[in-house]
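Listed below in structure tokens is the structure:
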């Protein structure tokens, strides 16, 4: 369990259960957390461990053995999967098209003593549903509209471990869960790789001995875990959906779901969100219109639900399409359309109105109050309001020496501080700043050329920002 870190609405877990039933073997759920990955920090570790705590609690009453492992130092856990696989009929894990996970899978897949099965639970449309890269939202949306109805008929089970009409997981007569755990996790495994003491790790100073970046503190505003993810989603449906379309761009209104971190770490499933949203709207398949690529009028539900469905099924999943189809370039300038490459090359030597170092950006030390507030939101909370993130990226392009430097700075800052960083959707959003999944705009401007231009002055006029600025203003501003 390395990407979809939950016990519900999870194709990988569901497939593992099916395999256990087929082979008549018990099921071990192994959820590891390694140390050696770029931008590892207290913030990311705590968020994941909070999810482990929820999974451990949920698994207590289920006929499975749950094994959370938090690596204490780089490399300590490297042999563990191989050791567990020695006694396995098969190993089932998540397919995820981004960050270090594909490389990690490539490194172990041919060395394991058991078969390795990768299962895609990333989006409502499978990664392989599209045979090409979709370069603009309109074309991907049209593709999605043509293919979404069959996908909605084959969602993962909400509770794959709950009693229903499926065959039960194997359980030898009279065997207690303690006996089963001892059989699956013998003492020679646990003595070398002890199960994580989750409460200790979540206590004050619990992460201090793990060699990660302790300067990036956990987010008090955004706890991790499936319980928190479910709570936020219920709150959104109950009290925020009705204002989503009108107010989602206004930071003061708090009208978004706030679930991008939980989606990223698999603490909530996009399948669950789409299913429950459609149920909330009383939707049925015969309501849909013919596919036309437009961002409204296909689902024929309320405008708020239609707007959120477009975010979940078009803008989120086009990011996964990019990462899956372009594993070597999804995070680089090579992924830009030709018009964007050309216009940024033409303006490459344009004079910048301001130039800032990475450290100045990181510390929110620019001349711009709005930009500084957005950066402080990211550093303090691990999140950034969607509209402010667009402005944040555009100004980094405006105030750096080259597009390459702008991209490097955006990726570093977002991945270091953002709980939803290191994700296909966030990479796509960063490259959108430079023209990906967008079109050429006129008139041409210095530095930007034909790339979409944004200013803090226009943002101030459009958005409700007074409370946002008050919350994230510097004491010296």
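Numbering (UniProt numbering), first residue to last: 1 to 477.
Glycine is no exception: its CB is placed at the ideal position from the N, C-alpha and C atoms.
Under the criterion of beta carbons closer than 8 Å, residue 109 and residue 101 do not qualify as touching, at roughly 12 Å.
The continuous beta strand (DSSP E) containing residue 119 extends over residues 115 to 119. The beta carbon of residue 400 sits closer than 8 Å to those of 352, 355, 356, 406 and 409, all from its chain and outside the five residues before and after it, given in chain order. Between the segment 63 to 82 and the segment 295 to 302 there are fewer than three C-beta pairs closer than 8 Å, too few to call the two in contact.
Look at residue 30 here: in three-state DSSP terms it is strand. Shortest Cα-Cα distance from residue 330 to any of 258, 346, 219 and 319 involves 319.
The way I'd put it, the segment 150 to 167 does touch the segment 269 to 284; three or more beta-carbon pairs between them come closer than 8 Å. By alpha-carbon distance to residue 368, the top candidate from 342, 387, 46 and 396 is 396. Residue 97 is classed as buried because its beta carbon has at least 16 other beta carbons within 10 Å across all chains shown. Its chain contains 26, 28 and 65 as the residues whose beta carbon lies nearer than 7 Å to that of residue 184, once the 5 sequence neighbours on both sides are disregarded; these appear in chain order. Looking at the DSSP output, residue 41 bridges to 213.
Secondary structure note for residue 92: its beta strand (DSSP E) is the uninterrupted segment 90 to 94. A residue is called buried when at least 16 other Cβ atoms come within 10 angstroms of its Cβ; residue 248 meets this threshold and is buried.
Taking residue 314 as the centre and dropping the five residues before and after it, the same chain places the C-beta of 137, 140, 141, 144 and 295 closer than 8 Å to its C-beta, in chain order.
Taking a C-beta distance under 7 Å as the contact criterion, residue 198 and residue 53 qualify as a contact pair. Residues 123, 263, 270 and 425 of the same chain have their beta carbon placed closer than 8 Å to that of residue 316, with the five preceding and five following residues left out of the count. With contacts defined as CB atoms closer than 7 Å, residue 91 and residue 33 fail to qualify as a contacting pair. In this structure, residue 211 and residue 63 do not form a Cβ contact; the two beta carbons are roughly 37 Å apart against a cut-off of 8 Å.
In the assembly as shown, residue 38 is an exposed residue. Its beta-carbon has fewer than 16 other beta-carbons within 10 Å. Take the alpha-carbon of residue 415 and the one of residue 422: they are about 5 Å apart. For residue 46, the secondary structure class from DSSP, reduced to helix, strand or coil, is helix. Within the DSSP bridge table, the entry for residue 66 names 29 as partners.
Note on residue 55: 16 or more other CB atoms within 10 angstroms of its CB, so buried under the neighbour-count rule.
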